[in-house]
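Novice: Quick note: the sequence shown, position 29, residue 97 per my numbering, numbers continuous.
A virtual CB, placed ideally from N, CA and C, is assigned to each residue, including glycine.
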Amino acid sequence: MQLTNTSRQSQQIAIIQRLKKGSCSTLEFRAMGICSPAPRIMELREKGYDISTSKQDEIDHAGVKHKGIAVYTLHSAPQD
């Protein structure tokens, strides 16, 4: 999924849709067009989403290894 609209709300929707499929890292979110997923994750947590963060080493599209990249996992959504 590639973003065509980078509004805060569009990014939040894209993050939730992606996390419903499984865990996702900062580098994966950036590849989707979400440059700074951490603030959007914080906003979603404030809305009641239970999202955990773990860290792992990852290799980016240029072959560079990055240590401690955030990986986000959705555990539950708020009850409407």
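Does the distance between the C-beta of K115 and the nearest non-hydrogen atom of the ligand PLP fall short of 7 Å?
Specialist: The ligand PLP is not part of the structure shown, which contains no ligands of any sort.
Novice: So who's on the other strand from A145, going by DSSP bridges?
Specialist: Partner(s): none; A145 has no beta bridge.
Novice: Can you tell me which of K123, C92 and T74 puts its alpha carbon nearest to the alpha carbon of I102?
Specialist: If we check each option's Cα against that of I102, T74 comes out closest.
Novice: Since M100 and M69 are thought to touch, with beta carbons under 8 Å apart, how far apart are those beta carbons, to the nearest angstrom?
Specialist: The pair is a contact, with the Cβ atoms about 6 Å apart (cut-off 8 Å).
Novice: For a quick check, are the C-beta atoms of I127 and T141 less than 8 Å apart?
Specialist: No, the pair does not count as a contact, with Cβ atoms beyond the cut-off.
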